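Everything below concerns the one structure shown next.
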Amino acid sequence: MRGKGIAFGAISIVNAIATGNGAALGIRLKTEAEVELIENSDQIDVNIIGSDNEEDKILAKYAVKEVLNNLGYKNYGARVTTKSDIPIGKGLKSSSVASNAIVLATLAALKTNLDDLKIINLGVNASIKAGVTITGAFDDACASYFGGLVATDNINRVIEKREILEEDYHIVIYAPREKVYTKNVDKARLKKFDSFFKEAYSLVMKGEYWEAMVLNGLACSAALGFSVKPILKALLAGAKGSSLSGKGPAIAAVCHPNRVDEIASAWSDLPGDIILTRINYEKAKAVILD
Numbered sequence: 261m262r263g264k265g266i267a268f269g270a271i272s273i274v275n276a277i278a279t280g281n282g283a284a285l286g287i288r289l290k291t292e293a294e295v296e297l298i299e300n301s302d303q304i305d306v307n308i309i310g311s312d313n314e315e316d317k318i319l320a321k322y323a324v325k326e327v328l329n330n331l332g333y334k335n336y337g338a339r340v341t342t343k344s345d346i347p348i349g350k351g352l353k354s355s356s357v358a359s360n361a362i363v364l365a366t367l368a369a370l371k372t373n374l375d376d377l378k379i380i381n382l383g384v385n386a387s388i389k390a391g392v393t394i395t396g397a398f399d400d401a402c403a404s405y406f407g408g409l410v411a412t413d414n415i416n417r418v419i420e421k422r423e424i425l426e427e428d429y430h431i432v433i434y435a436p437r438e439k440v441y442t443k444n445v446d447k448a449r450l451k452k453f454d455s456f457f458k459e460a461y462s463l464v465m466k467g468e469y470w471e472a473m474v475l476n477g478l479a480c481s482a483a484l485g486f487s488v489k490p491i492l493k494a495l496l497a498g499a500k501g502s503s504l505s506g507k508g509p510a511i512a513a514v515c516h517p518n519r520v521d522e523i524a525s526a527w528s529d530l531p532g533d534i535i536l537t538r539i540n541y542e543k544a545k546a547v548i549l550d
């Protein structure tokens, strides 16, 4: 009983922590998970290729358990293996993506399919139980699963807008060397800027995505103590929008193809990595292996 799940990364358009309303944009970075189910066992072994982060292993275990418990499977253990090109602890939604991929892989191992929102909610439940999210990150999970731009009410887990963008946008990401984990984020500081996040979300609902992204980036950076200089550098280099992604420290910029090199060059003197990708419109998927 083996299955594989593939889910994609995302970047923030509006952070949901302060208000419960958020928006995110799917990107082509991805996580792949394989799950092998073992009868008459209560052991779940997790191998995260390229990482020994205990928080991610706990999340993987909760994701498998969430599926098994909800479908009534007792006395099953699992072997879970994940690999990803999404940097962990950078604000690029690695936890939401992993939850989606592992839930899908577990369902594939069981040769079971559920409707899309049920799958997403199983992953969100697992993320909350594992303590890797503050709001449940329903917006991030939906952007990871469906691709494109998604705006959501995270408190009630309702998708309020989904959009496929007509123009050919590219994504440039600056990923500093340090990591930031959700459990260490000061939610109270973000809440002091809630009026800015409400306005940013309102802009998203009006279709003014890049204005919303910039406002979110400036408010998040101010609240969490990050410099706004990388955002301003990206905008001056021709980005349509730029923002701190999630709780940081990564900065994302959305631009037309002819501005990619200019933005990457503007960030070239900053310590860390530059990642080039595109908007993702491919839906997350499950594959039955045997």
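My numbering applies: residue 261 is where the sequence shown begins, and numbers increase by one. All C-beta atoms, glycine included, are put in the ideal place defined by N, C-alpha and C. All values reported here derive from a predicted model rather than from experimental measurement.
Is DSSP giving residue 453 helix, strand or coil here?
coil
List the whole-angstrom C-beta distance separating residue 343 from residue 292, where the pair is believed to meet the contact cut-off of C-beta under 8 Å.
So it is a contact: roughly 6 Å between Cβ atoms.
Pick helix, strand or coil for residue 528, following the three-state DSSP scheme.
coil
Quick one: Cα of residue 332 to Cα of residue 453, how far?
43 Å
Whole angstroms are fine: how far does the CA of residue 430 sit from the CA of residue 536?
8 Å
Do the segment 367–385 and the segment 421–438 meet, that is, are 3 or more Cβ pairs less than 8 Å apart?
no
Leaving out the 5 sequence neighbours to the left and right, which residues in its chain are closer than 7 Å to residue 387 when beta-carbon positions are compared?
319, 355, 356, 359, 393, 396, 397
Would you decide whether residue 465 is buried or exposed? Buried here means 16 or more other CB atoms lie within 10 Å of its CB.
exposed
Taking residue 366 and residue 306 to be in contact with their CB atoms under 8 Å, please state how far apart those CB atoms are, rounded to whole angstroms.
About 12 Å separates the two Cβ atoms, so there is no contact after all.
Give the range of the beta strand (DSSP E) segment to which residue 428 is assigned.
Where residue 428 is concerned, there is no enclosing beta strand (DSSP E), given that its DSSP letter is neither H nor E.
Considering only residues of the same chain and omitting the five flanking positions on each side of residue 451, which have a CB-CB separation below 7 Å?
278
Report back the beta-carbon spacing between residue 532 and residue 434 to the nearest angstrom; my notes put them in contact at under 8 Å.
6 Å
Taking C-beta to C-beta, are residue 414 and residue 280 nearer than 8 Å?
yes
Buried or exposed: residue 401, going by 16 or more other Cβ atoms within 10 Å of its Cβ?
buried
Quick one: using the 10 Å Cβ neighbour count with 16 as the cut-off for buried, is residue 440 buried or exposed?
buried
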